[in-house]
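Asker:
There are 2 protein chains.
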Amino acid sequence: MIVKRDFLKSLPIFSALPDPILDKLTDRAEEFTYKNGEYIFYEGDPPDWLCIIREGNVKAVKYLEDGKEIILHVFMPGDIFGELAILDRRPYPASAQSMGHTKILKLHYTHCREICEDAPEVRTRLIQSMGEKQRGFVDRLETAMTTRVEKRIAHMLLKLAGASDSKGGTNINLHLTRKDIANMVGTTIETTIRIMSRLQKEGIIEGTKEGITILRPDLLREKGGEYE
Amino acid sequence: MIVKRDFLKSLPIFSALPDPILDKLTDRAEEFTYKNGEYIFYEGDPPDWLCIIREGNVKAVKYLEDGKEIILHVFMPGDIFGELAILDRRPYPASAQSMGHTKILKLHYTHCREICEDAPEVRTRLIQSMGEKQRGFVDRLETAMTTRVEKRIAHMLLKLAGASDSKGGTNINLHLTRKDIANMVGTTIETTIRIMSRLQKEGIIEGTKEGITILRPDLLREKGGEYE
DNA sequence: CCAGGAATATGATTTATATCATTGCCTCCA
DNA sequence: TGGAGGCAATGATATAAATCATATTCCTGG
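Protein chains in written order, with this note's numbering: chain A, 17 to 244; chain B, 17 to 244.
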C-alpha cells in the first residue's frame with residue numbers, strides 16, 4: 017500500500033497534495049491489471065473513471081464502420097487518461113485498450129470530484145492535461161494531413177521517441193507491431209512494412225526486441241519534414 | 017451598445033449571467049472587425065484573448081514548413097475560440113484567420129478570469145467548449161485517416177452542413193473555395209475540383225452562390241461511410 | 001469599366017500506395 | 001509435438017491521386 021501512495025505522489029498532478037488528502041486518494045484509487053488487448057473502457061461508456069497508468073501502455077482507439085482501427089494516441093506509464101470525460105461529463109470519445117500487460121489505477125468520478133474540491137490545483141492540472149492532449153491532436157492532425165506515408169511515419173516515430181524516452185528521445189520502448197504503426201498513420205500493413213524495412217536498410221532506425229531505436233534522428237527529421 | 021449586450025446574452029455560455037455581471041462583460045468585451053484573410057491571432061501568440069464570433073467565419077489554420085496550409089476547423093457565428101489557450105495559459109496552437117468580413121468580440125484574459133470568478137459556470141462552459149473541440153478533433157482525425165479522398169470530402173461536407181445549418185443540415189452557408197476544401201481534407205486543389213464536379217454531376221451536391229447545398233445527403237453518407 | 005489575379009476547369013502523365021497473393025517464421029498452447 | 005494463428009516479408013498488379021500544363025471564367029480593386 018505504501019508503494020501505491022508513493023507512486024501517486026510521484027505524479028506531477030498529485031505531488032503537491034497535503035498528506036491527508038494524498039491518503040484519501042491512495043485509499044480511493046483502485047488498481048486493476050489488464051492483459052494484452054483487454055479494454056479499460058469502451059467508446060461511448062459513461063464517463064465514470066479517471067485512469068492513471070502505473071505500468072505498461074494503453075492505446076486510445078476508434079473503429080470505423082468497416083472495422084478499420086484508428087489509433088489516436090499511445091499512453092505511457094505515468095500518463096493520465098479519461099480526464100476529458102471526467103471534466104465535461106460526456107461519454108468517452110474513444111476506447112482504451114491495453115497493450116501488453118498493464119496496471120491501471122482508476123479513480124471514480126465521485127472521488128475525483130471530492131479530491132478536486134479538497135485540492136483545486138488537481139482540477140487545474142486535469143485541465144492542463146486535457147489541453148496538452150488537445151495540442152497533441154492538433155499535431156496529430158498535421159501528421160495525418162501529410163500525403164506521403166514515409167513522412168507520416170517519420171513524424172510519428174520522432175514524436176513517439178520524444179514521449180517515451182527521457183534520455184535523448186531516440187528510443188521507443190514500446191511493443192508496436194507494423195499493424196499498430198499502420199493504424200497510427202492511416203496506411204496499410206504492407207506499406208508500413210516496406211517503409212520500415214527501407215528505413216532499417218538505410219540505417220536510420222533499428223528494430224530491437226524492446227522497441228525501436230532511432231539511429232539517425234537527423235535523417236528521419238529530414239524525411240519527416242522539420243518536426244520541431 | 018444594447019445590441020452587444022443582447023448578443024452576449026444570447027450565447028449559451030453567458031445566458032445565465034446575472035445582470036450586473038453581464039453589464040461588466042458587455043463593457044469589457046471589445047469588438048473588432050477583420051477583412052478577408054486577416055489574422056485575429058497567430059500560432060504561438062501569447063494566450064491573451066478569448067474570442068467570440070459575432071459575424072462571419074473564422075478558420076483555425078496551421079502551416080507546414082513547405083507553406084502548405086492545413087485548416088483545422090471553421091468557426092461559425094456564435095462560436096467561441098481561443099479558450100484552450102485561456103484555460104491552460106499556453107500559446108495558441110494555431111492561427112485564426114478571418115474568412116471574408118468578420119466581427120469578433122475579444123475578451124482579455126484578465127477580464128475573462130474576473131468573469132469566471134464572479135460566475136463559475138462560465139468557467140464550466142469554457143471547459144465544455146474545450147471538450148467539444150477535442151471531440152471534434154477526434155472526429156477530424158477519423159476523417160483524415162481515411163484513404164480515399166472522396167470519402168474524406170463527403171465526411172467533411174456532412175459535418176460542415178450539420179454545424180452550419182440549423183434546419184436539416186443540408187446547407188453549408190460558407191464561402192469555401194476548392195482550395196479551402198483541399199486544405200481541410202489534405203489533398204490538392206485539382207483533385208478537390210474533380211471530385212466536387214463529379215458530385216455535382218451526380219446530382220448529390222449543388223454549388224449555390226451562397227455556399228453548397230447537399231441535395232442527396234443519403235448518397236453522400238454512403239460515400240462518406242456511415243457518418244453517424 | 002478595364003486589368004490582372006484568383007478561382008475553376010480539364011487533360012496528360014507519373015508515381016505512390018492500395019490491393020491481391022504467397023511464403024516463411026515464430027510462439028503459444030492443446 | 002505439431003498445428004494454428006499472428007506477424008513480417010516480398011512480389012505483381014491495379015488504381016487513385018499527385019504533378020505538370022494550360023485554358024477559361026470570375027471577381028475585385030483601381
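The C-beta atom is built at its ideal place from N, Cα and C for all residues, glycine as well.
(1) Would you mind sorting R70 of chain A into buried or exposed? The rule is 16 or more other CB atoms within 10 Å of its CB.
(2) How would you list, in chain order, the residues of chain A whose beta-carbon sits under 8 Å from the beta-carbon of R194 of chain B?
(3) Looking only at its chain, what residues have a beta carbon closer than 7 Å to the beta carbon of T229 of chain A, apart from the 5 residues adjacent to it on each side?
(4) What residue range is occupied by the uninterrupted beta strand (DSSP E) comprising M200 of chain B?
(5) Show which residues of chain A have a CB atom less than 7 Å away from the CB atom of P109 of chain B.
(6) List the residues of chain A that D104 of chain B touches, going by C-beta distances under 7 Å, in chain order.
(7) Tell me, please, whether the CB atom of K239 of chain B is closer than 8 Å to any CB atom in chain A?
(8) Using three-state DSSP, classify E46 of chain B as helix, strand or coil.
(9) If you follow the alpha helix (DSSP H) that E125 of chain A is part of, which residue opens it and which one closes it?
(10) Give every residue of the same chain whose Cβ lies closer than 6 Å to the Cβ of G227 of chain B, excluding the five residues on either side of it in the sequence, and list them in chain order.
(11) Any idea what DSSP makes of M92 of chain A, helix, strand or coil?
(12) Using 8 Å as the limit for Cβ to Cβ distance, is E158 of chain B near chain A?
(13) Would you say the stretch 143-162 of chain B touches the stretch 76-91 of chain A, given that touching needs at least three Cβ pairs under 8 Å?
(14) Between C132 of chain A and the rest of its own chain, which residues show a CB-CB distance below 6 Å, the 5 nearest in sequence each way excluded?
(15) Please compile the residues from chain B whose C-beta is within a distance smaller than 7 Å of the C-beta of L9 of chain A.
(16) I86 of chain A bridges to which residues according to DSSP?
(17) Under a CB-based cut-off of 8 Å, is G202 of chain A close to chain B?
(18) At a Cβ cut of 9 Å, what residues of the stretch 161-180 of chain B count as close to chain A, listed as they run along the chain?
(19) Residues bridged to I188 of chain A by DSSP?
(20) Using the three-state DSSP reduction, which class does L33 of chain A fall into: helix, strand or coil?
(21) Could you tell me which residues DSSP puts in a beta bridge with S111 of chain B?
(22) Within 8 Å of any Cβ in chain A, is that where the Cβ of I86 of chain B sits?
(23) Where does N73 of chain B land, buried or exposed, given buried means 16+ other C-beta within 10 angstroms?
(24) For E148 of chain A, tell me which candidate among A:D95, A:D22, A:P107 and A:E166 has the shortest Cα-Cα distance.
(25) From E244 of chain A to I56 of chain B, what distance separates their C-alpha atoms?
(26) Name the two residues that bound the continuous beta strand (DSSP E) containing I56 of chain A.
(27) Using the three-state DSSP reduction, which class does I220 of chain B fall into: helix, strand or coil?
(28) Give the range of the alpha helix (DSSP H) segment to which R168 of chain A is assigned.
(29) Is the stretch 32-42 of chain A close to the stretch 80-90 of chain A, with three or more CB pairs under 8 Å?
(30) With a CB to CB cut of under 8 Å and the five nearest residues on each side skipped, what residues in its chain are close to P93 of chain A?
(31) How is K119 of chain A classed by DSSP in three states: helix, strand or coil?
(32) Thinking just about the alpha-carbon of each residue, which of B:D61, B:L235, B:T49 and B:S180 is nearest to the one in L215 of chain B?
(33) Would you kindly check if the distance between the Cβ of M161 of chain B and the Cβ of M200 of chain B is under 8 Å?
(34) Give every residue of the same chain whose Cβ lies closer than 7 Å to the Cβ of P107 of chain B, excluding the five residues on either side of it in the sequence, and list them in chain order.
(35) Excluding the five sequence neighbours on either side, which residues of its own chain have a C-beta within less than 6 Å of the C-beta of F91 of chain B, listed in chain order?
Answerer: From the atom records:
(1) In the first sequence, counting from the first residue as 1, residue 70 of chain A sits at position 54. R70 of chain A should be labelled buried.
(2) Here residue 194 of chain B refers to the residue found at position 178 when the second sequence is read from its first residue. Those within 8 Å of R194 of chain B in chain A number zero; the least Cβ separation is about 16 Å.
(3) As a first step, residue 229 of chain A is located in the first sequence; it is residue number 213 there, counting from the start. Contacts found: T186, N187, I221 and E222.
(4) Start at 1 with the first residue of the second sequence, and residue 200 of chain B comes out as number 184. Where M200 of chain B is concerned, there is no enclosing beta strand (DSSP E), although the alpha helix (DSSP H) it sits in stretches over R194 to V201.
(5) Residue numbering aside, residue 109 of chain B sits at position 93 when the second sequence is read from its first letter. What P109 of chain B touches in chain A: R151 and V154.
(6) Stepping through the second sequence from its first residue, residue 104 of chain B is reached at position 88. Here the neighbours are I143, Q144 and G147.
(7) Position 223 of the second sequence, counted from the start, is the residue given in the question as residue 239 of chain B. By this cut-off, K239 of chain B is not an interface position.
(8) Counting from 1 along the second sequence, the entry for residue 46 of chain B is found at position 30. Of the three classes helix, strand and coil, the one that applies to E46 of chain B here is strand, per DSSP.
(9) Indexing the first sequence from 1 puts residue 125 of chain A at position 109. Just to set this straight, residue 125 of chain A is Tyr in the shown sequence, not Glu. Y125 to D134 is the span of the alpha helix (DSSP H), which, as asked, contains Y125 of chain A.
(10) As a working mapping, residue 227 of chain B is identified with position 211 in the second sequence. So the qualifying residues of the chain are I188, N189 and L190.
(11) By 1-based counting over the first sequence, the position of residue 92 of chain A is 76. Annotated three-state conformation of M92 of chain A is coil, per DSSP.
(12) The residue labelled residue 158 of chain B in the question sits at position 142 within the second sequence. So yes, E158 of chain B belongs to the interface.
(13) yes
(14) Reading the first sequence from its first residue, position 116 is the one you call residue 132 of chain A. V138 and R139.
(15) Given that chain A is displayed from residue 17 to residue 244, the structure contains no residue 9 of chain A and the question cannot be resolved.
(16) As a first step, residue 86 of chain A must be located in the first sequence, where it is residue number 70. Looking at the DSSP assignment, I86 of chain A forms a beta bridge with A:K78.
(17) Against the first sequence, residue 202 of chain A aligns to sequence position 186. The beta carbon of G202 of chain A sits closer than 8 Å to some beta carbon of chain B.
(18) M161, T162 and T163
(19) Here residue 188 of chain A refers to the residue found at position 172 of the first sequence. DSSP lists A:I228 as partners of I188 of chain A.
(20) Residue 33 of chain A sits at position 17 when you count from the first residue of the first sequence. Residue state, collapsed to three classes: coil.
(21) On the second sequence, position 95 is the one that residue 111 of chain B refers to. DSSP output for S111 of chain B lists B:V77 as bridge partner(s).
(22) Here residue 86 of chain B is taken as the residue at index 70 of the second sequence, counted from 1. Yes, contact with chain A.
(23) On the second sequence, position 57 is the one that residue 73 of chain B refers to. By the neighbour-count rule (16 or more Cβ atoms within 10 Å), N73 of chain B is buried.
(24) Reading the first sequence from its first residue, position 132 is the one you call residue 148 of chain A. Looking at the Cα atoms, A:D95 is the closest of the given residues.
(25) As a position in the first sequence, residue 244 of chain A is number 228, starting the count at 1. As a position in the second sequence, residue 56 of chain B is number 40, starting the count at 1. Here E244 of chain A scores only 37 on pLDDT, less than 50, and its place in the model is too uncertain to base an answer on.
(26) Counted from its first residue, the first sequence places residue 56 of chain A at position 40. Per DSSP, I56 of chain A belongs to the beta strand (DSSP E) from Y55 to F57.
(27) In the second sequence, residue 220 of chain B corresponds to position 204, counting from 1. Looking at I220 of chain B - three-state DSSP - the assignment turns out to be coil, as it is neither helix nor strand.
(28) Counting from one through the first sequence, the residue named residue 168 of chain A turns up at place 152. Its alpha helix (DSSP H) spans residues V165 to S180.
(29) no
(30) Translated into the one-based positions of the first sequence, residue 93 of chain A becomes position 77. Once the five neighbours on either side are set aside, the close Cβ partners of P93 of chain A are I69, R70, E71, G72 and N73.
(31) As a position in the first sequence, residue 119 of chain A is number 103, starting the count at 1. Correct three-state label for K119 of chain A: strand.
(32) The residue given as residue 215 of chain B occupies position 199 in the second sequence. Checking every option, the nearest Cα to that of L215 of chain B belongs to B:L235.
(33) One-based indexing of the second sequence puts residue 200 of chain B at position 184. One-based indexing of the second sequence puts residue 161 of chain B at position 145. No, Cβ-Cβ distance for M200 of chain B and M161 of chain B is not below 8 Å.
(34) Taking the first residue of the second sequence as position 1, residue 107 of chain B is located at position 91. Closer than 7 Å at the Cβ level, and outside the excluded window around P107 of chain B, lie G60, D61, P62, P63 and A101.
(35) Residue 91 of chain B sits at position 75 when you count from the first residue of the second sequence. Only I69, V74 and F97 meet the Cβ criterion.
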